[in-house]
Structures are given as C-alpha cells and as structure tokens.
Amino acid sequence: MNHYQFIHNMLQADEIIQQKEWHQLDALEKAVIAELADNETEFNLLKKMLMVSSGEVSEVPQVAVSVQEQIRSALPVVKKISSHRNWYAVAAAILVMIIATIFFLKKENKNEDIPFVKKNIKNPVTDSMIKITQDTSILLVKKEKITEQKKKSSPSPAPVFHSLKDTSQDNYAGIDATVSSNMSLIDLITEVE
Amino acid sequence: MGITGSIYQHYKDEELLPLLKSGGHAAFDELYKRYGQKMFSYFFRMLWKNKELAEDFTQDLFVKLINNADAYLEGRNVSTWLYSIANNMCKNEYRKQEVRKVHGMQQKAEPSTDAVNPDMKRFKEAVHQCTNELPEEKKALYMLRFQENLSVPDISKIMNLPEGTIKSRIFYLLKEMKEKLKEFESLPIYP
Numbered sequence: 001m002n003h004y005q006f007i008h009n010m011l012q013a014d015e016i017i018q019q020k021e022w023h024q025l026d027a028l029e030k031a032v033i034a035e036l037a038d039n040e041t042e043f044n045l046l047k048k049m050l051m052v053s054s055g056e057v058s059e060v061p062q063v064a065v066s067v068q069e070q071i072r073s074a075l076p077v078v079k080k081i082s083s084h085r086n087w088y089a090v091a092a093a094i095l096v097m098i099i100a101t102i103f104f105l106k107k108e109n110k111n112e113d114i115p116f117v118k119k120n121i122k123n124p125v126t127d128s129m130i131k132i133t134q135d136t137s138i139l140l141v142k143k144e145k146i147t148e149q150k151k152k153s154s155p156s157p158a159p160v161f162h163s164l165k166d167t168s169q170d171n172y173a174g175i176d177a178t179v180s181s182n183m184s185l186i187d188l189i190t191e192v193e
Numbered sequence: 001m002g003i004t005g006s007i008y009q010h011y012k013d014e015e016l017l018p019l020l021k022s023g024g025h026a027a028f029d030e031l032y033k034r035y036g037q038k039m040f041s042y043f044f045r046m047l048w049k050n051k052e053l054a055e056d057f058t059q060d061l062f063v064k065l066i067n068n069a070d071a072y073l074e075g076r077n078v079s080t081w082l083y084s085i086a087n088n089m090c091k092n093e094y095r096k097q098e099v100r101k102v103h104g105m106q107q108k109a110e111p112s113t114d115a116v117n118p119d120m121k122r123f124k125e126a127v128h129q130c131t132n133e134l135p136e137e138k139k140a141l142y143m144l145r146f147q148e149n150l151s152v153p154d155i156s157k158i159m160n161l162p163e164g165t166i167k168s169r170i171f172y173l174l175k176e177m178k179e180k181l182k183e184f185e186s187l188p189i190y191p
C-alpha cells in the first residue's frame with residue numbers, strides 16, 4: 001500500500017468503524033483499519049467512543065428563544081423611501097418637460113409678432129403687391145407690360161420702389177412710374193425691408 | 001409564522017443571504033430555523049458546555065452573518081461558511097481563556113449523563129474529558145467530523161487545511177483517543 005492509498009484509506013477507516021461490526025468486515029476492510037484497530041477489542045472500543053460522541057448531540061439543550069429575538073432586532077431597518085424618491089424624480093421630470101414645452105411654444109408665438117412682410121422674406125414685395133391689389137383693386141403690372149412701359153416711362157424711377165429693382169423676383173422687376181406719382185397709392189404700400 | 005415559513009422553506013441558503021441585508025425578517029427566520037440550534041450545539045460542546053456563553057456566541061455569529069452578508073462568496077457552501085466563522089470565534093475564545101482553569105470549573109458543573117449503567121456513565125465522562133482536553137484545533141476537528149458529521153472536503157474548507165492533512169489528523173486523533181480510553185476496552189458495546 002503506497003502513501004496515497006494509506007492516506008485515502010485512513011478516512012475510510014473511521015467510516016468502516018462507524019458503519020460496520022467486526023464480523024462484517026472483509027479482509028480488505030480489516031487491512032484498511034489495521035493501523036487503528038488490529039483486533040475486535042480495539043475495534044469495539046473505537047466504535048463505542050464514536051457512538052458516545054455522536055450521542056452527545058442529543059444531550060445539548062435547546063437554545064433560548066430570546067437569542068432569536070435579539071438577533072432579529074439587529075436586522076437592518078429599510079425605510080421605504082426609495083419608491084417615494086422615484087415618484088419625486090418622475091414628477092420633477094414632468095415639470096421640467098412642461099416648462100420646456102411652454103418655453104418653446106412662447107418662442108414660436110413671438111414669430112407671429114413679426115410683420116407680415118418681414119416674415120415672408122422670399123416674396124415680400126409680391127405679397128405686398130397682392131395685398132395692395134386686394135385692398136385697392138389696383139391692377140398688377142406683369143413683367144411684359146413693365147418692360148414695355150419702361151421704355152416709355154421716364155428715366156427717373158419712383159424713389160419708393162427703388163429697392164424693388166434689387167430683388168430677384170422678375171414679376172415685380174419694376175412698377176409703372178405713373179403709379180408712383182399718386183401719393184395716396186404710395187401710402188398703401190407697406191414698407192419693404 | 002407558518003405562512004412565512006412556506007414562502008422561504010424551498011429557498012436555498014445562498015438565496016436567503018441577500019434577503020438578510022434588506023432586513024428580510026422572514027428570510028432570517030428560515031435561516032435561523034436551519035442553523036440556529038446546530039450552531040448553538042457546536043458552541044455548547046466547544047465551549048465547555050457553557051449554555052450562556054454558547055447562546056452569546058450564537059447571537060454574535062448571526063449578527064456577523066447579517067452584517068457581512070456581502071462578504072459571502074458565491075459558490076461557497078453557506079453551512080461551511082458558518083462553521084468557518086464559528087471555528088474562528090472558538091479559536092479566539094480559547095486564546096482568551098485559560099483553558100485548563102475553565103475546563104476544571106466546567107468539570108464540576110457537568111450534569112450526570114447515565115444513572116442506570118455506571119460503567120457506561122464513566123465511559124461517557126471519560127470520552128467527554130478526553131475530547132475536552134484536546135487542543136482547540138484537534139477538538140474542533142473531532143467535533144466537526146464525529147458530531148457534526150461533516151465531510152472531509154467541508155472540514156478542509158472550514159479549517160483552511162488540505163484534505164490530506166485533515167485525513168491524516170483524523171487518523172492520528174483516533175489513535176490518540178484509543179490509547180487514552182484503553183482501560184474501557186473490556187466494557188460491553190451496548191449498555
């Protein structure tokens with residue numbers, strides 16, 4: 001029997017002693033316990049000792065109930081704040097969203113204060129002219145007519161419409177100068193910026 | 001109590017531990033039901049059958065368990081972890097106390113175990129004395145193996161010793177005890 005087997009068998013020796021009687025042991029088992037007990041007397045002594053030791057467990061009294069109660073008092077007390085905190089966070093987030101929504105809505109409304117002409121930068125004069133047409137029933141001069149009239153018209157353009165020539169839109173490239181002489185009509189035209 | 005017991009009685013030990021940290025009383029009750037008496041029994045026998053001391057140690061053990069539930073390593077057996085803590089507590093207590101003086105005092109206070117068969121009674125007292133006289137480590141080994149019925153791998157983890165060392169120590173411990181109890185060889189096996 002080598003050293004490893006010897007060490008391994010040492011464990012089994014105490015199990016054999018606890019679980020079997022001497023007359024139940026085979027040759028191999030007797031060889032295993034030989035180091036501890038090589039005869040029935042020694043075997044029985046060890047068996048008695050182990051029986052007494054395991055029996056001592058039943059001689060232990062019951063632990064007092066107060067021990068459990070005292071341990072329970074040491075358990076951490078967890079306050080149910082976490083769920084309230086979550087609700088507070090949600091409420092705060094909703095409030096922030098509402099405020100942000102109001103803020104952005106107000107910002108958009110401010111655009112409505114801008115004059116009609118300023119808002120519609122692309123066709124400021126056209127819109128203005130349509131408005132004039134609608135309001136005063138003055139006919140719009142189309143591009144073809146304007147070009148014809150330009151030839152006929154006086155070289156000095158109306159100062160009010162000077163800026164119109166700078167616009168990129170062709171359909172209001174110029175206005176009949178004769179219109180400009182009528183000051184009441186000029187007043188109807190809103191300022192183009 | 002019956003209702004809470006039914007909730008956690010199928011939980012594994014490892015599943016109950018995290019619940020202790022969050023103040024789970026029912027989870028603690030279940031864990032205590034499994035190990036309270038067992039650990040008290042171990043302390044009672046290790047600490048010279050001093051009931052009050054054993055109860056104090058049981059209380060301290062479970063408070064340590066509650067406060068250090070985070071330190072529990074997953075995969076480790078809760079039972080062996082408890083015995084490890086208990087073993088260390090007893091080791092410290094043995095260092096504090098003067099073992100022989102305490103042992104002497106306890107001997108006088110020990111109640112009679114068997115009044116019917118005086119020989120058996122003497123034998124039991126002799127076994128008890130032999131185990132009590134053992135140094136702390138041998139005593140712990142003897143109790144863990146032959147009273148708590150723990151396996152060699154479990155004892156190895158509790159005592160932080162290799163399994164081969166545990167096997168070897170068990171063997172030589174039995175041999176030593178046999179020599180001390182030689183006078184009782186002639187006793188009949190069953191009282």
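The listed protein sequences correspond, in order, to chains Y and U. Residues in the first sequence are numbered from 1 upward in steps of one, following the numbering used here. Residues in the second sequence are numbered from 1 upward in steps of one, following the numbering used here. Cβ coordinates follow ideal geometry from the N, Cα and C atoms, glycine included. None of these values were measured; they are calculated from a predicted model.
- DSSP places G24 (chain U) in no alpha helix (DSSP H); its state is neither H nor E.
- The beta carbon of K20 (chain Y) sits closer than 8 Å to those of E29, all from its chain and outside the five residues before and after it, given in chain order.
- Boundaries of the alpha helix (DSSP H) harbouring S53 (chain Y): 40-55, taken from the DSSP string.
- Of the candidates U:D56, U:L61, U:K121, U:A69, U:A69 places its Cα closest to the Cα of E14 (chain U).
- Contact of V78 (chain U) with chain Y by beta-carbon distance below 7 Å is absent, the smallest such distance being about 16 Å.
- In this structure, the alpha-carbon of M159 (chain U) lies about 10 Å from that of T165 (chain U).
- The C-alpha of A37 (chain Y) lies about 21 Å from the C-alpha of Q147 (chain U).
- Taking a contact to require three or more Cβ pairs closer than 8 Å, the region 122-135 of chain U and the region 50-66 of chain Y qualify as touching.
- Close partners of V67 (chain Y) in chain U (Cβ separation under 7 Å): E55, T58, Q59.
- Rounded to whole angstroms, the Cβ separation of I66 (chain U) and D14 (chain Y) is 36 Å, and the two are not in contact under 8 Å.
- No Cβ-Cβ contact shorter than 8 Å links R34 (chain U) with M143 (chain U).
- Within the region 163-185 of chain U, contact with chain Y at the beta-carbon level (separation under 8 Å) is assigned to G164, K167, S168, I170, F171, L174, K175, M177, K178, L181, K182, F184, E185.
- Separation of the CB atoms of T41 (chain Y) and E93 (chain U) is rounded to 38 Å, and the pair is thereby denied contact status at 8 Å.
- Taking the Cα of F62 (chain U) as reference, the smallest distance to any Cα among Y:Y88, Y:V60, Y:P76, Y:L95 is reached at Y:P76.
- Shown here, V96 (chain Y) sits in a helix according to DSSP, grouped into three states.
- For the pair A26 (chain U) and I7 (chain U), the Cα-to-Cα distance works out to about 8 Å.
- For Q70 (chain Y), the chain U residues whose Cβ falls inside 8 Å of its Cβ are Q59, in order along the chain.
- Listed along chain Y are Q68, I71, each with a C-beta nearer than 8 Å to that of Y32 (chain U).
- When the alpha-carbon of D29 (chain U) is set against those of Y:L95, Y:A74, Y:V90, Y:A92, the nearest one is in Y:A74.
- In this structure, DSSP gives E15 (chain U) a helical state, which the three-state scheme calls helix.
- Interface annotation for the region 27-51 of chain Y against chain U: E35, L36, A37, T41, E42, N44, L45, L46, K47, K48, M49, L50, M51, criterion Cβ-Cβ distance under 9 Å.
- Residue burial annotation: G24 (chain U) is buried, with at least 16 other C-beta atoms found within 10 angstroms of its C-beta.
- Taking 8 Å as the CB threshold, R45 (chain U) lines the interface with chain Y.
- In this structure, DSSP gives A64 (chain Y) a state outside helix and strand, which the three-state scheme calls coil.
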